[in-house]
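Colleague: With my numbering as the guide, the letters of the sequence shown map in order to residues 31 to 382.
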Amino acid sequence: MLERIEQIKKEALESLQKVQDEAALEQWRIAHLGRSSPLMQVFSEFGALPKEERPRIGQAANQAKQVIEASFSERAQAIQEMKLNRALTEDTLDVTLPGRDFRRGRLHPSTQTMRRILAILAEMGFQVFTSREVETDEYNFQLLNFPPHHPAREMQDTLYIQAEGRGDNPLLLKTHTSPGQIRSMRYFAALNPDNPPPIRIALPGMCFRAEQITARSEVQFNQVEGLAVGEGITYADLKGTLADFARRMFGQNARVRFRSSYFPFTEPSAEVDVECFVCGGKGCSVCKQSGWLEILGCGMVHPVVLQNGGYDPRRYTGYAFGMGPERQAMLRYRINDIRYFWGNDMRFLEQF
Ligand code: DAH
């Protein structure tokens with residue numbers, strides 16, 4: 031029996047030397063320490079031994095088991111180390127390699143220009159008021175003093191959304207930011223109907239028109255509208271404000287000129303040109319040799335519009351203006367085709 035134990039131990043230790051990986055180690059463990067291993071067989075036969083032999087054989091068997099188990103843990107640790115060393119030498123990491131570049135996001139040129147305009151207007155005391163994209167004919171036209179069937183409506187080819195069941199007040203996509211004038215005036219007037227507060231706000235937003243898409247016209251574009259209403263506001267305030275805006279937007283030497291024009295919601299109305307910042311007014315291809323670039327429409331808020339907004343025109347006056355960020359971006363960066371703005375061409379967008 032003692033010899034048998036010795037033999038079992040010897041075989042176990044010898045075969046353990048050949049074990050090289052975790053899978054083989056597990057097989058070895060089952061074969062030599064598992065429930066049906068020769069060693070466990072010895073233990074199960076133990077009860078059949080004569081009493082006087084039991085201590086010696088028991089001791090030998092226990093010793094053999096301890097030795098085999100110790101060798102097993104040693105081998106297991108050695109295999110772990112081998113595995114780690116192999117990983118360290120094979121999966122080398124070259125810390126001197128340059129990092130991989132990733133694509134950084136940027137703001138759309140239209141958003142950049144929009145934010146610049148709003149930042150300047152904010153410095154001048156104009157607070158942003160956001161209005162809606164889906165409007166009614168009433169707000170987009172009627173309350174702004176566009177009578178039904180008035181030819182001025184045709185300046186703005188409207189995208190209608192729903193006409194059925196709405197009489198002469200169809201739903202539409204707003205064609206300009208001017209309906210925000212009525213919405214904001216009504217909002218502020220409602221705060222104190224007998225004594226509406228003075229307001230000075232900027233209305234940014236996307237506008238939509240059923241245009242033939244060409245290099246110069248798109249079906250969607252942004253506008254930023256300015257509106258100031260209060261007591262004693264005059265045309266001089268409008269001129270001073272826009273001259274100041276132009277200097278902040280286009281540079282300290284920027285000059286503006288006012289050409290009289292027509293809009294139903296302002297009286298008098300004007301269009302504003304800024305001296306061409308490309309050639310400084312000498313004449314170039316951007317300003318078509320005129321030395322001037324048109325940047326916005328403006329005027330004194332029409333009494334009917336003030337009235338519709340809840341501001342008594344006998345007491346209040348106001349001015350308004352509306353400009354297009356895309357148009358200003360085109361002038362500034364000399365972009366010659368408006369279709370680039372919504373074309374989602376990375377080669378264009380990455381330049382800003
Ligand atoms: N709403 C006009 C347009 O889209 C632009 C405009 C002109 C806005 C004069 C104004 C203004 O506030 O006073 O063509």
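A virtual CB, placed ideally from N, CA and C, is assigned to each residue, including glycine.
1) Is DSSP giving F288 helix, strand or coil here?
2) Start and end of the alpha helix (DSSP H) containing D119?
3) According to DSSP, simplified to helix, strand and coil, what is T347?
4) On the DSSP letters alone, give me the boundaries of the alpha helix (DSSP H) that E168 sits inside.
5) Quick check: is any heavy atom of the ligand DAH less than 7 Å from the C-beta of T347?
6) One question on the structure: do R239 and Q186 come within less than 8 Å of each other, judged by their Cβ atoms?
7) Is the separation between the beta-carbon of L148 and that of P209 shorter than 8 Å?
8) With respect to 7 Å, is the separation between the Cβ of A350 and the closest non-hydrogen atom of the ligand DAH below this value?
9) I'd like the list of long-range same chain contacts for W322, defined as Cβ closer than 8 Å, with 5 residues on each side in sequence excluded.
10) Thinking C-alpha only, which one of E165, M154 and A276 is nearest C237?
11) Just reading off the beta strand (DSSP E) that W322 is part of, what are its end residues?
12) Just checking S161 against the ligand DAH - is the residue's beta carbon closer than 7 Å to any of the ligand's heavy atoms?
13) When every heavy atom of the ligand DAH is checked, does at least one fall within less than 7 Å of the C-beta of F382?
14) From what residue to what residue does the beta strand (DSSP E) around T296 run?
15) Would you call the CB atoms of A258 and Y169 closer than 8 Å?
16) Assuming G329 and P298 are in contact, meaning their beta carbons sit under 8 Å apart, how far apart are those beta carbons, in whole angstroms?
17) Please indicate yes or no: does the CB of G329 lie closer than 7 Å to some heavy atom of the ligand DAH?
18) Helix, strand or coil for R162, going by three-state DSSP, please let me know.
19) Using 8 Å as the cut-off, can you tell me whether the stretch 342 to 362 makes contact with the stretch 252 to 271, which would need three or more C-beta pairs spanning the two stretches below that distance?
20) Which residue marks the beginning of the beta strand (DSSP E) containing Q192, and which one marks its end?
21) Can you tell me whether T160 is buried or exposed, with buried defined as 16 or more other CB within 10 angstroms of its CB?
22) Which residues in the same chain as R278 place their Cβ atom closer than 6 Å to its Cβ, once the five residues preceding and following it in sequence are excluded?
23) For the ligand ZN, is there any heavy atom lying closer than 7 Å to the beta carbon of Q253?
24) Taking the beta strand (DSSP E) that R251 belongs to, which residues open and close that run?
25) Given this structure, state the Cα-to-Cα distance separating Q381 from K318, to the nearest angstrom.
26) Since A276 and A266 should fall inside the 8 Å C-beta cutoff, what is the C-beta to C-beta distance between them, to a whole number of angstroms?
27) Give the DSSP-derived three-state secondary structure of L233 in the structure shown.
28) Spatial neighbours of A300 within its chain, please: CB distance less than 7 Å, with the 5 preceding and 5 following residues excluded, ordered by chain position.
29) In angstroms, rounded to a whole number, what distance separates the CA positions of T296 and V335?
30) Determine, using beta carbons only, whether L203 and I212 come nearer to each other than 8 Å.
31) State the DSSP-derived secondary structure class of L137, mapped to helix, strand or coil.
Modeller: Concretely, from the data shown:
1) Strand, per DSSP.
2) Here residue 119 turns out to be Thr, not Asp, going by the sequence shown. It spans R84 to E120 - the alpha helix (DSSP H) in which T119 sits, taken as one unbroken run.
3) DSSP places T347 in strand when its eight states are reduced to three.
4) Residues D167 to N170.
5) Shortest gap from the CB of T347 to any heavy atom of the ligand DAH: 7 Å or more.
6) The answer is yes: Cβ separation under 8 Å.
7) No, the pair does not count as a contact, with Cβ atoms beyond the cut-off.
8) A350 Cβ: within cutoff of the ligand DAH.
9) Excluding five sequence positions before and after W322, the CB atoms of its chain that fall closer than 8 Å to its own CB belong to R287, D303, V304, E305, C306 and G311, given in chain order.
10) Of E165, M154 and A276, the residue nearest in Cα terms is E165.
11) For W322, the enclosing beta strand (DSSP E) stretches over residues W322 to V331.
12) Of the heavy atoms belonging to the ligand DAH, none sits nearer than 7 Å to the Cβ of S161.
13) For the ligand DAH, not one heavy atom lies less than 7 Å from the Cβ of F382.
14) Counting along the chain, the beta strand (DSSP E) containing T296 begins and ends at T296 to E305.
15) For A258 and Y169, no; Cβs fall outside 8 Å.
16) 6 Å between Cβ atoms; contact.
17) Because some heavy atom of the ligand DAH lies under 7 Å away, the Cβ of G329 counts as near it: yes.
18) DSSP places R162 in coil when its eight states are reduced to three.
19) Result yes; three or more Cβ-Cβ pairs closer than 8 Å.
20) First-last of the beta strand (DSSP E) with Q192: Y190 to Q192.
21) With fewer than 16 other Cβ atoms within 10 Å, it is exposed.
22) Excluding positions up to five away in sequence, the list reads I150.
23) Among the ligands present in this structure, namely the ligand DAH, the ligand ZN is not found.
24) Reading the sequence as shown, one finds Phe at residue 251 and not Arg. Here the beta strand (DSSP E) through F251 covers Q250 to G260.
25) Each residue's alpha carbon lies about 25 Å from the other.
26) Not really, about 16 Å apart at Cβ, beyond 8 Å.
27) Three-state DSSP puts L233 in a strand.
28) Once the five neighbours on either side are set aside, the close Cβ partners of A300 are F288, R289, S290, S291, C328 and G329.
29) Answer to the nearest angstrom: the Cα atoms are 8 Å apart.
30) Contact: no.
31) Coil at L137, not helix or strand.
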